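Numbering (the numbering used here), first residue to last: 20 to 164.
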């Protein structure tokens with residue numbers, strides 16, 4: 020439209036989790052103005068958590084300000100990742116994970132990029148890495164984190 024606003028929506032981030040009855044999935048909505056993300060909201064219903072951020076205005080979970088925790092030494096970092104469904108990308112991610120596992124405290128895989136990014140913002144995770152994501156997978160969570 021003429022407003023310059025573009026909506027980036029993932030109506031079900033963590034689709035496989037949802038299909039299998041696992042609780043880690045979310046609805047992710049972001050607004051971009053002239054190509055820049057300005058608003059992001061991630062609703063994780065099974066966790067009863069709503070995350071939101073406005074560019075330059077901080078990030079919040081259920082109305083409480085979020086703060087990433089200070090970066091720990093790499094050997095103390097808890098990092099989350101995801102694995103793409105494209106075999107070539109997935110193989111590369113497995114190689115990266117194999118190199119990182121001995122250097123990190125541990126790796127997690129929740130199945131929802133949006134939730135993982137919100138967990139980084141909330142200080143539950145120290146980082147998130149995944150290749151091959153679509154814009155809707157990370158638009159809101161990236162702004163929140």
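We put the beta carbon where it would ideally sit given N, CA and C, even for glycine.
On a predicted model such as this, the values are computed, not experimentally measured, just so you know.
Query: May I have a chain-ordered list of the beta strand (DSSP E) segments no shorter than 3 residues that lie completely inside the segment 104 to 129?; Result: 125 to 127
Query: Any idea if residue 112 is buried or exposed, counting beta-carbon neighbours within 10 angstroms, 16 or more meaning buried?; Result: buried
Query: Provide the residue span of the alpha helix (DSSP H) that contains residue 45, from first to last.; Result: First-last for residue 45: 45 to 52, but that is the beta strand (DSSP E), not the alpha helix (DSSP H).
Query: Residues bridged to residue 56 by DSSP?; Result: 51
Query: Give a yes or no on whether the minimum CB-CB distance between residue 111 and chain B is below 8 Å.; Result: Absent from the structure is chain B; it holds one protein chain and no more.
Query: Please tell me whether residue 131 and residue 69 are closer than 8 Å, where the distance is taken between their beta carbons.; Result: no
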